[in-house]
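Residue numbering for the sequence shown follows numbering that gives the first Met the number 0, starting at 0 and increasing by one per position. A virtual CB, placed ideally from N, CA and C, is assigned to each residue, including glycine. Beneath this line is the structure, given in structure tokens, with notes to follow.
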Amino acid sequence: MKSKYKTITMKKTLTIICLLFFCSIIHSQTDTLQVKLDSIIKEANLLYSYEKATWSATDLAYEDERINTNIGAYIVHHSNDSIFVTFADKEYKTQTAQYSYNLNNLRVPAKQDFEPKPLSEKSSKLFEVRNEILRQLNADPAKYGLNFQKDFNPNPVLVSANGSYRLYLIIGTAVPDVIPFGNDYLFNADENGKITDWKIFHKTLIASQVKGPEGQQVISVVHSHLKMTPYISATDICTFRLYGADLFGLEEFAVLSTALNKYFTYNASQNKITVTDL
């Protein structure tokens, strides 16, 4: 009897240990996924703040007769809770204007500076790196898989981080009633702007309509990701916030991950990603 009792007790103990081990694995996987989603939201927030401030600043600059005849290009950078959009002359030597935005209001600049001055060292470096990355892309677009459609133009968004750089290409369009998902890229570069690696999030343009065949308003949009992009992307979220939420008043969109067999649903008002298993 004692031997039988011990055997039953050992089986129960092993069962409990196995269950605890299984639960710990599930918990670990959940934590890992949440960390990944948090990092995607963080990057999407940064991309959105850069692009939203750029939309406002470029509208203001190109409508301003004091500076609009001598604008060569602009560059964006951030510091703490401020976004700076700096315009340079056509020689990339002089700052012709700078618009500063607070993160809590990316529609109206908190400060405007129109005093001509030499470009700061930081702005000059950002222009230099961005131009070098774009030079490489223009020299060999086939190498990087670049392919864009008429009326859907790539907007370069450069982010500086600890001596290296990330340049995103995010599609913009003036085509009405469309959210321009897709054709988005990420290029990582060293301190001199030399591309070290890159990623294609979507191989094609996904022009999601926000109105039905009879003009009815679409409530939500969905697109799928191939296995090369298993998660919802920061570029997806940035594009949706700019177009789907801000322009068309949509609340959410979803991505079907064929690699993970999950739906990732992003809600703009909550700025949150929820996950549903298929």
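Next item on the list: Check the DSSP bridge columns for residue 224 and list the partner residues they point to.
Entry: As a first step, residue 224 is located in the sequence shown; it is residue number 225 there, counting from the start. 256, per the DSSP bridge assignment.
Next item on the list: Helix, strand or coil for residue 274, going by three-state DSSP, please let me know.
Entry: The residue labelled residue 274 in the question sits at position 275 within the sequence shown. Of the three classes helix, strand and coil, the one that applies to residue 274 here is strand, per DSSP.
Checklist line | Buried versus exposed, by CB contacts within 10 Å (16 or more), residue 22 | finding: Here residue 22 refers to the residue found at position 23 when the sequence shown is read from its first residue. In this prediction, residue 22 scores a pLDDT of 45, lower than 50, which makes its location untrustworthy; no coordinate-derived value is stated.
Check: Between residue 188 and residue 132, what straight-line distance do the alpha-carbon atoms span, to the nearest angstrom?
Finding: For the purposes of this step, residue 188 is taken as the residue at position 189 of the sequence shown. For the purposes of this step, residue 132 is taken as the residue at position 133 of the sequence shown. Spanning the two alpha carbons is a distance of roughly 8 Å.
Margin query: I'd like to confirm the pairing. Which residues does DSSP put opposite residue 187 in its beta bridges?
Written below: Taking the sequence shown and counting its residues from 1, one reaches residue 187 at position 188. Residue 187 pairs with 165, 196.
Notebook entry, point to check: What residues in its chain sit with their C-beta under 8 Å from that of residue 173, if we drop five residues either side in the sequence?
Noted result: On the sequence shown, position 174 is the one that residue 173 refers to. Hits under 8 Å: 150.
Next item on the list: Give the straight-line distance between the Cα atoms of residue 265 and residue 275, rounded to the nearest whole angstrom.
Entry: As a working mapping, residue 265 is identified with position 266 in the sequence shown. As a working mapping, residue 275 is identified with position 276 in the sequence shown. For residue 265 and residue 275, the distance between alpha carbons rounds to 11 Å.
Notebook entry, point to check: Going by other Cβ atoms of all chains shown within 10 Å of its Cβ, with 16 needed for buried, is residue 244 buried or exposed?
Noted result: Counting from one through the sequence shown, the residue named residue 244 turns up at place 245. With a 10 Å radius around the Cβ and a threshold of 16 neighbouring Cβ atoms, residue 244 comes out buried.
Note to self: When you compare the CB positions of residue 74 and residue 126, do they come within less than 8 Å of one another, or not?
What the structure shows: Within the sequence shown, residue 74 is the residue found at index 75, counting from 1. Within the sequence shown, residue 126 is the residue found at index 127, counting from 1. Yes, they are a contact pair.
Item checked: Per DSSP, cross-strand counterpart(s) of residue 262 -> Residue numbering aside, residue 262 sits at position 263 when the sequence shown is read from its first letter. Answer by DSSP bridge pairing, in chain order: 255, 275.
Notebook entry, point to check: Given that a residue counts as buried once 16 or more other Cβ atoms are within 10 Å of its Cβ, and exposed if not, what is residue 147?
Noted result: To locate residue 147, count along the sequence shown from 1; it is residue 148. The residue is exposed, with fewer than 16 neighbouring Cβ atoms inside 10 Å.
Next item on the list: Keeping to the same chain, check which residues put their C-beta closer than 6 Å to that of residue 199; ignore five residues upstream and five downstream.
Entry: Start at 1 with the first residue of the sequence shown, and residue 199 comes out as number 200. Answer for residue 199: 144, 184, listed in chain order.
Item checked: Cβ separation of residue 107 and residue 97, assumed to be a contact under 8 Å, to the nearest whole Å -> Start at 1 with the first residue of the sequence shown, and residue 107 comes out as number 108. Start at 1 with the first residue of the sequence shown, and residue 97 comes out as number 98. The pair is not a contact, with the Cβ atoms about 15 Å apart (cut-off 8 Å).
Notebook entry, point to check: So what's residue 233 in DSSP terms, helix, strand or just coil?
Noted result: Taking the sequence shown and counting its residues from 1, the one referred to as residue 233 is at position 234. The answer is helix: DSSP assigns residue 233 an H, G or I state.
Item checked: Limits of the unbroken alpha helix (DSSP H) element including residue 156 -> Residue 156 sits at position 157 when you count from the first residue of the sequence shown. Run containing residue 156: none in the alpha helix (DSSP H); it sits in the beta strand (DSSP E), 151-160.
Margin query: Only counting the same chain, and skipping five residues up and downstream in sequence, which positions put a Cβ closer than 6 Å to that of residue 158?
Written below: If you number the sequence shown from 1, residue 158 lands on position 159. Closer than 6 Å at the Cβ level, and outside the excluded window around residue 158, lie 165.
Notebook entry, point to check: What is the rounded straight-line gap between the Cα of residue 296 and the Cα of residue 233?
Noted result: Lying outside 0 to 277, the shown extent of the chain, residue 296 is not represented and no answer is given.
Note to self: Quick check: the Cα distance between residue 54 and residue 135, rounded to an integer number of angstroms?
What the structure shows: For the purposes of this step, residue 54 is taken as the residue at position 55 of the sequence shown. For the purposes of this step, residue 135 is taken as the residue at position 136 of the sequence shown. Between the alpha carbons of residue 54 and residue 135 lies a distance of about 26 Å.
Check: CB residue 186 to CB residue 219, shorter than 8 Å?
Finding: As a first step, residue 186 must be located in the sequence shown, where it is residue number 187. As a first step, residue 219 must be located in the sequence shown, where it is residue number 220. Cβ distance not < 8 Å, so residue 186 and residue 219 don't count as in contact.
Next item on the list: With a 10 Å radius around its C-beta and 16 neighbouring C-beta atoms as the bar for buried, classify residue 268 as buried or exposed.
Entry: Counting from one through the sequence shown, the residue named residue 268 turns up at place 269. Exposed: under 16 other Cβ atoms inside 10 Å.
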